[in-house]
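Each position in the sequence shown, counted from 1, maps to that position plus 2 in our numbering.
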Amino acid sequence: MTTEADVAVPPPLSRNRNYHMLWGSQLVSELVGQLCLIAFPLMVMATTGSAPWMGAVAAVIGAAGMVANVPAGVLVDRFDRKRVMLVCQCVRAVAMGSLAIALLADHFSLSHVFVVAVVEGLLGAAFDPAEHAALPQVVHESQLSTAVARNTTRRYIATLLGPAGAGFLFAFDPMAPFAVAAVLLVASCVVLSFLRLPRPGPGGESERAGMLVEGFRWVLGHRVIRPTIVWLMCCELFVSALITIVLALSGEDDMAPGALGMMMTGFGIGGLLGAAVAGRLHAVLPAPAIILGFPWCAAALTLVMALVPTGVATGVVLGGIAFLIPTAFTTVMTYQLAVAPSALRGRLSGIVGLFAGGAGAVGSLVGGLLMADGDSRGTLLIWSVCLVAVAVGTTLSPALRRFPTLK
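Below is the structure:
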């Protein structure tokens, strides 16, 4: 593949200013998303005292994000990616600022809250395909897997800092989380204004982008990418359901809030450690070993989780599963970005986000339904068996069993 980076000899990522701008802007986007995931329900519950309205605002953010994925991919492939990212961050900043000002002035309006929630869900999701599609434009082909691996750290940093930050800021003042979110997004806009992306020449990406159906046809018709989407859906469903089961497990065992926080911290720390070594593991391990090994190892660790005492041990095992995720996802995402034509990368990201995000949402629902009888240990055993089925399916898939190894 011919690189889109405009340098003959690539500088190390540590000196690639455009990569750092993309990395930091996406971190801000994910951090604001995690902040809002907690701040919106807290604010609605504190103001209305209604649990249904609290759940509704969280659902609106999630639904808006899912709806935005595929159209955002088309948008990213048709228009300048830097401009798309700037518009997303600027409009999000204005929306968050308007809500912070309204709360400061004691002018709470539920309709205003839902409008801002929709804006956040739509534009937060729209930012992701633009950043994903822009990455190969600023990073040399030989550094793509390392860049993707480093990018996975953002999810766990945001997961560690966002919810805790939202709770602390809300306790200080209900408007504080939204004011901080607005400031962060403004800072992101300033940084993005200095980003330099190669522009397509005459007859370039904006003319070649084509229709939405073209993106689906290419993605679902690719003999390797198609099974990777199914694989990602299974993995996202598994992880989302597992976290729900763990949360229910803590409630079942009457754990202290601090112990629950410790378990989720284990997940975040495991993910960060895994992201730190994902690039190296991707470089030394054959891709099929990574793709096949993840569901088998995760199934074994889930079985262990069903047997160990709830608390620190659960957090350690959960962290072990999180440690495996970055390397597995780096392998899949690097391949997807490497083989996708530039004019289709936005739609590829949007389609993958739609399927994976939908699977994650279903996973949370499945986890809750599995815990309906309150037998968390039995549920973990059942979930381990389900993951073995995923591992068997992965092993039997010729495309995944012979997954191309990119170095």
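Glycine included, each C-beta is placed from N, C-alpha and C at the ideal position.
Query, Result
"Is it buried or exposed, Arg83, if we count other Cβ atoms within 10 angstroms and call 16 or more buried?", "buried"
"Rounded to whole angstroms, what is the Cα-Cα separation between Leu411 and Ala135?", "Residue 411 lies beyond the residue range present for the chain, which begins at 3 and ends at 409; the question has no answer from this structure."
"Using CA atoms only, rank isn't needed, just tell me which of Ala289, Met177, Thr304, Val182 is closest to Ala102.", "Met177"
"Specify the secondary structure class of His109 as computed by DSSP and reduced to three states.", "coil"
"Using a Cβ distance threshold of 8 Å, determine whether the region 81 to 100 contacts the region 23 to 43, with at least three qualifying pairs required.", "yes"
"Return no unless some Cβ of chain C is closer than 7 Å to the Cβ of Ala97.", "Judged by its chain identifiers, the structure shown contains no chain C, having just a single protein chain."
"Which first and last residues belong to the alpha helix (DSSP H) in which Arg32 is found?", "Inspection of the sequence shows that residue 32 is occupied by Glu rather than by Arg. Taken as a continuous stretch (DSSP letters only), the alpha helix (DSSP H) holding Glu32 covers 19 to 50."
"In terms of alpha-carbon separation, which member of Asn153, Pro343, Met47 lies closest to Leu15?", "Asn153"
"If you draw a straight line from the alpha carbon of Asp130 to that of Val188, how long is it in whole angstroms?", "17 Å"
"Just to confirm my understanding: we take Leu125, look at its own chain, exclude 5 residues before and 5 after, and list those with CB closer than 6 Å. What are they?", "Cys90, Val93, Arg94"
"Relative to the C-alpha of Ala61, which candidate in Gly123, Leu29, Leu197, Arg225 has its C-alpha closest?", "Gly123"
"In or out: Arg157 buried (at least 16 other Cβ within 10 Å) or exposed?", "buried"
"To which residues of the same chain is Gly380 closer than 6 Å at the C-beta, ignoring the five residues directly before and after it?", "none"
"Going straight from the alpha carbon of Leu350 to that of Tyr337, what length do you get?", "12 Å"
"What whole-angstrom Cβ distance do Ala243 and Phe296 have, given they're in contact under 8 Å?", "In fact, because the Cβ distance is near 16 Å, the residues do not count as touching under 8 Å."
"Nearest to Gly348 by alpha carbon, out of Val341, Gly217, Arg17, Thr332?", "Gly217"
"Spatial neighbours of Gly167 within its chain, please: CB distance less than 7 Å, with the 5 preceding and 5 following residues excluded, ordered by chain position.", "Leu37"
"Between Gly369, Met87, Gly352, Gly223, which lies nearest to Ala401 when the distance is taken from Cα to Cα?", "Gly223"
"CB-CB under 6 Å to Ala277, same chain, minus the five flanking residues each way: which ones, in chain order?", "Thr154, Thr155, Pro328"
"Spatial neighbours of Leu305 within its chain, please: CB distance less than 6 Å, with the 5 preceding and 5 following residues excluded, ordered by chain position.", "Ser386"
"So, with DSSP's three-state summary, where would you put Asp82?", "coil"
"Would Asn71 pass as a contact of Gly365 if the rule is Cβ separation under 7 Å?", "no"
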